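Below is one structure, written out as structure tokens, with a few remarks after it.
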Amino acid sequence: MASVLPDKMKKLLITGTSGFLGWNISQIAEFDWTVSGTYFAHPLTIPHITLAKVDLTLFRDLKRLFNDVKPNAVIHTAAMTDPNFCQQNRALSHNINTQVPINIAGLCSGLEIPCLFTSSDLVFDGLTPPYSEDDEPSPISFYGEQKALAEAGMKDRYPSTVICRMPLMFGDPGPVAANFIQPMVHAIQSGETINLFADEFRTPVSGRDAAKGLLIALDKLPGIIHLGGPERISRYEFGKLLSETFRFSNARLNPCRQEDLKMPAPRPPDVSLDSSKARALGFNPKSLKEEMEALRD
Ligand SMILES: NC(=O)c1ccc[n+]([C@@H]2O[C@H](COP(=O)([O-])OP(=O)(O)OC[C@H]3O[C@@H](n4cnc5c(N)ncnc54)[C@H](OP(=O)(O)O)[C@@H]3O)[C@@H](O)[C@H]2O)c1
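Residue numbers are given in my numbering: position 5 of the sequence shown equals residue 1077, and the series is strictly consecutive.
Given below as structure tokens:
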């Protein structure tokens, strides 16, 4: 396989650059790579980055993208990322979440270039945390299943694929995306009461630390790698930390249990990731408090 050492002469293709994570990757990758990116429904411009509107589910258009960009490496982030939407739109979301990653692995295999896929902690059922790379996927939602099928299909199509399992992420979403923190801040500022699970645990990481981890993984592996944050925390405790850090004195946070709120997609109780393999490779995400302070300031 070609060397993956970054070099400004080398071209990195990031799918889903209009999304939260794709935008965060683009912000640091541009220092070492010539970056091309894609969007679909949300047009944007990013200085120094060539962007194309592509429906990745159309194989002809995907192939044309590869022909136009001639990438030396690919980070595939584009997906339908709302588990509730995926639960209610299984066939539609299967296409972008499972078939497209496998197609991308096939194209990367043909070019013998590094291919990195952003999978999810939701490939696990949440019953036996923390999860290491050796644990077998055990998804309980269609979204988790689609990600697990994509992982397996990509490895089958192109064994050199790098699979990064991402935790819950937060931070600056860029110009056209969003993540769960902005609606939370807005609701608190509007004086709304927010119900937050006290019995649902994740290992969140900021988008910018996640982006750094992905570039480390692209450089160091094939294989599976977990890019979880340094702290295991419930949604409720996360909301409390956010309120304290942002100095919201009147936040109305209501601790509740998963069983109190019925949603289309089943929710695993604790998909905390064991990310010691990534730490050993130099992935060193900041504490939640530090990242929230940076967002506040
Ligand atoms: N955010 C998290 O907390 C989290 C946690 C675990 C794993 N992940 C994984 O990390 C990756 C990035 O997540 P994210 O939060 O950045 O997602 P996001 O903000 O929802 O962005 C999704 C991206 O996919 C693009 N997209 C969707 N359908 C497309 C299609 N048919 N053709 C081309 N592009 C399409 C969107 O483009 P437009 O917006 O322009 O339509 C957007 O750029 C995903 O693979 C997700 O499964 C995310």
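All C-beta atoms in this analysis are idealised placements derived from N, C-alpha and C, irrespective of residue type, glycine included. Computed from a predicted structure; not experimentally measured.
Spatial distance of residue i from residue j (CA atoms)
i            : j            : result
residue 1221 : residue 1322 : 44 Å
residue 1267 : residue 1345 : 24 Å
residue 1214 : residue 1155 : 7 Å
residue 1083 : residue 1199 : 41 Å
residue 1364 : residue 1243 : 8 Å
residue 1355 : residue 1292 : 11 Å
residue 1282 : residue 1219 : 18 Å
residue 1117 : residue 1331 : 42 Å
residue 1102 : residue 1143 : 14 Å
residue 1234 : residue 1315 : 36 Å
residue 1232 : residue 1140 : 23 Å
residue 1357 : residue 1202 : 17 Å
residue 1245 : residue 1304 : 22 Å
residue 1177 : residue 1250 : 27 Å
residue 1280 : residue 1096 : 6 Å
residue 1237 : residue 1261 : 32 Å
residue 1085 : residue 1324 : 42 Å
residue 1152 : residue 1343 : 20 Å
residue 1163 : residue 1369 : 42 Å
residue 1277 : residue 1119 : 25 Å
residue 1258 : residue 1367 : 14 Å
residue 1171 : residue 1114 : 22 Å
residue 1288 : residue 1173 : 20 Å
residue 1341 : residue 1241 : 17 Å
Buried versus exposed, by CB contacts within 10 Å (16 or more), residue i
i            : result
residue 1226 : buried
residue 1081 : exposed
residue 1256 : buried
residue 1217 : buried
residue 1350 : buried
residue 1075 : Low confidence applies here, because residue 1075 scores a pLDDT of 47, under 50, leaving its location unreliable and the question unanswered by this model.
residue 1326 : exposed
residue 1360 : buried
residue 1197 : buried
residue 1339 : buried
residue 1043 : No answer is possible for residue 1043: the residues shown for the chain start at 1073 and end at 1369.
residue 1335 : exposed
residue 1429 : No statement about residue 1429 is possible, as the shown extent of the chain runs from 1073 to 1369 and does not include it.
Residues that DSSP places opposite residue i in a beta bridge
i            : result
residue 1328 : 1269
residue 1109 : 1086, 1123
residue 1241 : 1277
residue 1295 : 1234
residue 1148 : 1087, 1189
residue 1305 : 1274
residue 1168 : Note: residue 1168 sits in no beta bridge, so no partner.
residue 1203 : 1345
residue 1100 : Answer by DSSP bridge pairing: none, since residue 1100 is not bridged.
Ligand 2 heavy atom lying under 6 Å from the CB of residue i
i            : result
residue 1135 : For the structure depicted, ligand 2 is absent and the ligand set comprises only ligand 1.
Discussion item. For the pair the stretch 1194-1208 and the stretch 1158-1171, tell me if three or more CB-CB distances fall below 8 Å.
Written reply: No, because fewer than three Cβ pairs between the stretch 1194-1208 and the stretch 1158-1171 fall closer than 8 Å, the two stretches do not touch.
Assess contact between the stretch 1080-1095 and the stretch 1106-1119, defined as three or more Cβ pairs (one per stretch) separated by less than 8 Å. Is contact present? Taking one beta carbon from each stretch, the stretch 1080-1095 and the stretch 1106-1119 have 3 or more pairs nearer than 8 Å; the two touch.
| message | Does the stretch 1223-1243 come into contact with the stretch 1293-1304, if we say contact requires no fewer than three beta-carbon pairs (one atom in each stretch) closer than 8 Å? | response | Yes: the two stretches touch, three or more of their Cβ pairs being nearer than 8 Å.
- Item | For ligand 1, residues whose Cβ lies under 5 Å from any non-hydrogen atom | Here the residues come out as 1088, 1090, 1091, 1092, 1093, 1111, 1112, 1113, 1114, 1127, 1128, 1129, 1149, 1150, 1151, 1153, 1168, 1190, 1192, 1238, 1240, 1241, 1249.
With a cut-off of 8 Å, do at least 3 Cβ pairs link the stretch 1299-1310 to the stretch 1261-1276?
Under the Cβ criterion (8 Å, minimum of three pairs), the stretch 1299-1310 counts as touching the stretch 1261-1276.
### Task
Evaluate the contact criterion for the stretch 1122-1135 versus the stretch 1164-1171: three or more CB pairs, one atom per stretch, below 8 Å.
Between the stretch 1122-1135 and the stretch 1164-1171, the count of C-beta pairs closer than 8 Å reaches three or more; the two stretches touch.
Does the stretch 1312-1329 come close enough to the stretch 1176-1192 that 3 or more CB-CB pairs lie under 8 Å?
They do not touch, by the three-pair rule.
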